[in-house]
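For reference, the structure discussed in these notes is given below.
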Amino acid sequence: MRCEICNRKSESRFCEFHESAYKNLVKNFEAWKKSMNITWTEYLTQIKNNEFSGIWVKEVAQHLLASGFENKILDQETEVHKV
947 MRCEICNRKS
957 ESRFCEFHES
967 AYKNLVKNFE
977 AWKKSMNITW
987 TEYLTQIKNN
997 EFSGIWVKEV
1007 AQHLLASGFE
1017 NKILDQETEV
1027 HKV
């Protein structure tokens, strides 16, 4: 399997670097949502455009926005975290 973003070998849809960035995106979304009252898509856009965001997380945010799966991915992750 290959990372959807950088084509590195991976065991899931992302390599270890992009997977870590993705997990951090999901983990930190609730805090941003509470403090800024924004949607997942708005959050991804904010991260993508933030000069202080790291390259890995920016690439993940851009990929999720471009792929059109940003909402489906969040819904799946939210369900996983509820269990």
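Letter by letter, the sequence shown follows residues 947 to 1029 of the numbering used here. We treat Cβ as the ideally placed atom computed from N, Cα and C, and that holds for glycine.
| Item | Value |
| --- | --- |
| In the DSSP assignment, find the alpha helix (DSSP H) that holds F1001 and state where it starts and stops. | It is worth fixing the name first, because residue 1001 is Ile in this sequence and not Phe. Per DSSP, I1001 belongs to the alpha helix (DSSP H) from I1001 to S1013. |
| Which residue wins for smallest C-alpha separation from F963, given the options A1012, I1001 and N983? | I1001 |
| Candidates T991, E997, T985 and S999: which alpha carbon is nearest A1012's? | T991 |
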